[in-house]
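Residue numbers (the UniProt record's numbering): 1 to 92.
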């Protein structure tokens with residue numbers, strides 16, 4: 001993917017992030033948009049780390065919300081989720 005295509009995709013992801021969910025979380029229309037957001041957050045997180053400005057957990061995976069049918073991002077690993085809830089979740 002070229003840099004200009006990545007920029008356009010990131011802007012599209014930012015626009016689609018404005019979707020509403022009753023949980024109040026950021027919503028993404030597609031898994032690609034959520035994954036692109038995760039990539040951008042990872043870059044930003046590492047820049048903050050270099051500047052000694054790390055102050056929050058970094059989201060690490062995207063999942064499909066059963067309520068709004070959009071994608072959200074979370075910093076909780078899938079293994080931890082399964083451990084807490086005692087069930088397996090569809091891997092996306």
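Even for Gly, the Cβ is constructed at its ideal location relative to N, Cα and C.
- Residue nearest to residue 26 within the set 9, 65, 76 is 65 (criterion: CA-CA distance).
- In the structure shown, the three-state DSSP call for residue 81 is helix.
- At the C-beta level, residue 21 and residue 67 come within 8 angstroms of one another.
- Per DSSP, residue 74 is one residue of the beta strand (DSSP E) stretching across 71–74.
- Residue 73 and residue 32 do not touch by the CB rule: their CB atoms are close to 13 angstroms apart, not below 8 angstroms.
- Note that the C-beta distance between residue 78 and residue 61 is below 8 angstroms.
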